[in-house]
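Okay, so here's the structure we're looking at.
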Amino acid sequence: MPTLQEKKPARPIRRSHVRPLRELIFGDLWEYDPAPETADPKLKPRYDLFIGGRFVLPATGKYFDSINPANEQKLAELALGGAADVDAAYQAAARAFDSGWGRMPGRERGKFLYRVARLLQDRAREFAVAETMDNGKPIKETRDFDVPMAAAHFFYHAGWADKLDYVAPGRRMAPLGVVGQVIPWNFPLLMLSWKIAPALAVGNCVVIKPATNTSITAVKLAEIFQDAGLPPGVVNVITGPGATGGILMAHPAAAKIAFTGSTEVGKVIMRSVAGSDKRMTMELGGKAANIVFDDAPIDQAVEGIVNGIFFNQGQVCCAGSRLLVHEPVAGLVVAKLKQRLRVLRVGDPLDKNTDVGAIVSRAQLETIQRYLDIGVKEGAEMWQPPCRLPPKGFFMPPTIFTGVTQSHRIAREEIFGPVLSILTFRTIDEAIEKANNTAYGLSAGVWTDKGSRILKMSTELKAGVVWANTFNKFDPASPFGGYKESGFGREGGRQGLLDYGKLI
Amino acid sequence: MPPTVPAAFRRLFSEIGTVDAVGVEERVAKYTTRSIKKRAKLFGLKLAVSMLDLTTLEGKDTPGKVESLCRKAVRPHDDPGIPPVAAVCVYPAMVRPARRALGAAAPVRIASVATAFPSGQMPLKTRLAEVRTAVADGADEIDMVINRGAFLAGEFARVQDEIAAVLAACGDAPLKVILETSELETYDNIRAASFLAMRVLRAGDFIKTSTGKTAANATLGNNQVMLEAIRDFYLETGTPVGMKPAGGIRTAKQALQFLVAVKETLGDAWLTNARYRFGASSLLNDLLRQIEKERTGAYQAPYYFSEAAESY
């Protein structure tokens, strides 16, 4: 016989208001057949560096493999750029800037951006498939989000190119010169676009390095720059390892550098350019709080929680990785969340019905796994829905932790994977305190029916973006960026544009 | 003193929760991107046929039209692999001709709209008499409309009492309660009305979106709100209530999207005509057209299936 003590599990989440749940059956009565997207990604076996408007061999003479994280097969070889290549790229960019791009009338520059946007739209399916194969994110996300949003950024900034005289009243805007940019692997094409488009609109030239794991759509976009007739050297794409990114950021010819990636690497870069007069923008990590009050529309909040942390397998800097839920509804929210996760489909990213695809690399999968072990060891309760993972590839089922407290590492550190830490709160002040009790400050979400509470929360939360009754919403016209160790500078909107020029 | 409107609604919402319209529409947009192919498509199409309440609700309905509708309902196509539909849905005056055409032991049930369909604006006594007549004439199921006026006025007890009275008049016949979603206007109200109805209903009864007689009818959005209400009510009480979207579902593609919503919200136990129905007329021919396309690999000439709902 169990003693009374044993029968009482220690549960931080109160369930007293939740009646016993009857089960719904999410079985195989009506299984969806495989529905793979079949468009040709038009991959070449080998890609060179894009410098001065041409594809050129790397000075190192070396190449590295890009693999598909969903089946671990090689997709293509990419040129391994080094210091000499970075140097050549900066020279090409400086030539392009001096020989006309910087002085070209805005309406002419705008035409090139419109052309790039339209060419990208024309080849949207091809790019979506290439991105999915390279990154592992589901085709429905690349098709419905990454590629259309990338095109939208070119369209939006094309519109700014001939209106720079109106950005600030009475002042004109001038380009900075050559801009060095390094981007991460979670939104390869989108980050590329939202970094390149504002730089070009203002009249800068660009040297950019995509992430080592996910460079294919960057070199494919270089093909579009060629097709669009963009003057040689205006954009230069250097593929290679992380060290090459460091060289690119520290290069003396860069008038401004822009980095998106981890806080750790961001700090290294900032140290490397200390003492120089380079301008900088940093978009770094996050540990966003998604805050659900008891008067929130619960089903839609659950949908927002899922969208917040399982979009792109949680590999999103602004992911809602901490769920702060009001105690009176904690049990209900967790129960509904578990139900919802049971119908999320994990598997082949190219299948149009896949909701959660592959993790970008084995190393990232191992990092996430390590955090799961840490979470369990710290005493949090882990739950994953039953799901069949493909035998090959880097897959991780959606994971939630209940019984998490602020001191747990899974509540403090950015995991960058499909892992949700659930904490509870009792009052508004406690919610704000917990939400702000982090080194990061990129984004936050608030779920409530009470409008005044939304306004209060958005004032008090130290986060660059606060979403109300929604999550992970982006628009080229809306500035995005962080507080504290999530970085500085904004991307998108008028604010993002101002980071790429000087007012004179 | 009569209850004040805000008090009645606020009390109910604090019990059952509210709905965010933007969130619901985002959720259902995901259903429309599900890609249903091959065997899964065929299964879904046949399932949709078996869930149909094949409907004719016209002032110009005749016994002849209803009899031909009944024959189509029993045998929708010359392919014997295609199941009969779930029911025919007719006005009370057409129940007798339908029963005559179908016989006593038909595979297809007879549903009759009643309670002064579609407005419901008749004395309760008249509405109940209509229900009793339809059942006596051979209707297996009754589709009633709720008193929207009473609902909007916050007189929830009256709405529920009337449903209970109709339920008693039905005897054993399952009851489908039409909320007429377009007249309730908001998702909050649709959720509220769903709960009011379900709290009176028995296992095996249905809630239904609309009459098909107003401008806006079944949508994935109001379907989702009602499915979620059914789910919450089931998990709370153990009583499984069925769902019937009606009006506006004309294509096989739409029907599959509604079924995806059922599969992903309520699960396998609701993928049966005992718990889910489509109120439609022209939908059947599009389902048959798509089934033939799956079987033969090509679309048939348009004149192989009539386009008009009129010509069954």
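Protein sequences appear in the order of chains A and B.
This note's numbering puts the first residue of the first sequence at 1, with every later residue one more than the last.
This note's numbering puts the first residue of the second sequence at 505, with every later residue one more than the last.
Note that the Cβ used here is the ideal one computed from N, Cα and C, for glycine as well.
Would residue i be called buried (16 or more neighbouring beta carbons within 10 Å of its own) or exposed?
i, result
"A661 of chain B", "exposed"
"G482 of chain A", "buried"
"Y807 of chain B", "exposed"
"L200 of chain A", "buried"
"R604 of chain B", "exposed"
"S215 of chain A", "buried"
"I269 of chain A", "buried"
"R143 of chain A", "buried"
"D429 of chain A", "exposed"
"T3 of chain A", "With a pLDDT of 39 at T3 of chain A, under the threshold of 50, the modelled position of that residue is not reliable, and no figure is offered here."
I need the boundaries of the beta strand (DSSP E) containing residue i, first residue and last residue.
i, result
"R322 of chain A", "322–326"
"F737 of chain B", "Where F737 of chain B is concerned, there is no enclosing beta strand (DSSP E), although the alpha helix (DSSP H) it sits in stretches over 724–741."
"I359 of chain A", "No beta strand (DSSP E) contains I359 of chain A, which DSSP labels as neither H nor E."
"L514 of chain A", "Residue 514 of chain A cannot be examined here, being either before or after the span of chain A that is shown, 1 to 504."
"L556 of chain B", "556–559"
"V511 of chain A", "The displayed coordinates of chain A run from 1 to 504. Any statement about residue 511 of chain A would go beyond what the structure contains."
"F782 of chain B", "782–784"
Alpha carbon to alpha carbon, what distance is there between residue j and residue i?
i, j, result
"Q369 of chain A", "W383 of chain A", "14 Å"
"N726 of chain B", "Q339 of chain A", "20 Å"
"E798 of chain B", "T713 of chain B", "30 Å"
"T769 of chain B", "D355 of chain A", "15 Å"
"G658 of chain B", "K569 of chain B", "41 Å"
"P588 of chain B", "A610 of chain B", "10 Å"
"I586 of chain B", "K576 of chain B", "12 Å"
"P232 of chain A", "W101 of chain A", "10 Å"
"L119 of chain A", "K163 of chain A", "23 Å"
"I422 of chain A", "A88 of chain A", "49 Å"
"R409 of chain A", "K377 of chain A", "10 Å"
"G783 of chain B", "D557 of chain B", "5 Å"
"L724 of chain B", "F97 of chain A", "53 Å"
"G53 of chain A", "L230 of chain A", "8 Å"
"L497 of chain A", "M249 of chain A", "20 Å"
"T718 of chain B", "T619 of chain B", "17 Å"
"I145 of chain A", "A615 of chain B", "Note on residue identity: the sequence assigns Phe, not Ile, to residue 145 of chain A. One C-alpha to the other measures close to 45 Å."
"Y738 of chain B", "T685 of chain B", "21 Å"
"L24 of chain A", "A330 of chain A", "20 Å"
"K456 of chain A", "I139 of chain A", "38 Å"
"P584 of chain B", "M626 of chain B", "44 Å"
"G266 of chain A", "D134 of chain A", "24 Å"
Going by the DSSP bridge assignment, what does residue i pair with across the sheet?
i, result
"A174 of chain A", "A:K502"
"S616 of chain B", "B:V594, B:I646"
"N290 of chain A", "A:L323, A:G445"
"K680 of chain B", "B:D647, B:F710"
"W383 of chain A", "A:I400"
"L78 of chain A", "A:Y47, A:F64"
"F55 of chain A", "A:F50"
"F259 of chain A", "A:V182, A:M282"
Identify which residue in the options has its Cα closest to the Cα of residue i.
i, options, result
"A643 of chain B", "B:A633, B:E659, B:C674, B:P622", "B:C674"
"G548 of chain B", "B:N693, B:V766, B:V526", "B:V766"
"G242 of chain A", "A:G233, A:G229, A:E264, A:V419", "A:E264"
"G592 of chain A", "A:E37, A:Q73, A:R54", "There is simply no residue 592 of chain A to check, as chain A begins at 1 and stops at 504 in what is shown."
"E732 of chain B", "A:T214, A:E31, A:F112, A:P297", "A:P297"
"Q758 of chain B", "B:A597, B:M747, B:A722, B:V526", "B:A722"
"A128 of chain A", "A:G61, A:I196, A:D40, A:G177", "A:D40"
"V178 of chain A", "A:A59, A:H251, A:A363", "A:H251"
"W160 of chain A", "A:V316, A:A477, A:E485", "A:A477"
"C205 of chain A", "A:R109, A:A439, A:E37, A:N307", "A:R109"
"P349 of chain A", "A:V404, A:I359, A:D165, A:V446", "A:I359"
"S262 of chain A", "A:V219, A:A431, A:Y440", "A:Y440"
"M396 of chain A", "A:F50, A:Q315, A:A444", "A:Q315"
"W447 of chain A", "A:L372, A:V207, A:I291", "A:I291"
"A669 of chain B", "B:A720, B:P749, B:F655, B:T630", "B:T630"
The alpha helix (DSSP H) with residue i in it runs from where to where?
i, result
"S452 of chain A", "451–460"
"L120 of chain A", "106–122"
"V149 of chain A", "In the sequence on display, residue 149 of chain A carries Met and not Val. Taken as a continuous stretch (DSSP letters only), the alpha helix (DSSP H) holding M149 of chain A covers 147–161."
"D772 of chain B", "Per DSSP, D772 of chain B belongs to no alpha helix (DSSP H) and is neither H nor E."
"I368 of chain A", "362–377"
"E529 of chain B", "525–535"
Would you say residue i touches the ligand NAD, meaning its beta carbon is less than 7 Å from a heavy atom?
i, result
"G742 of chain B", "Within the structure as shown, the ligand NAD is missing, as the structure has no ligands at all."
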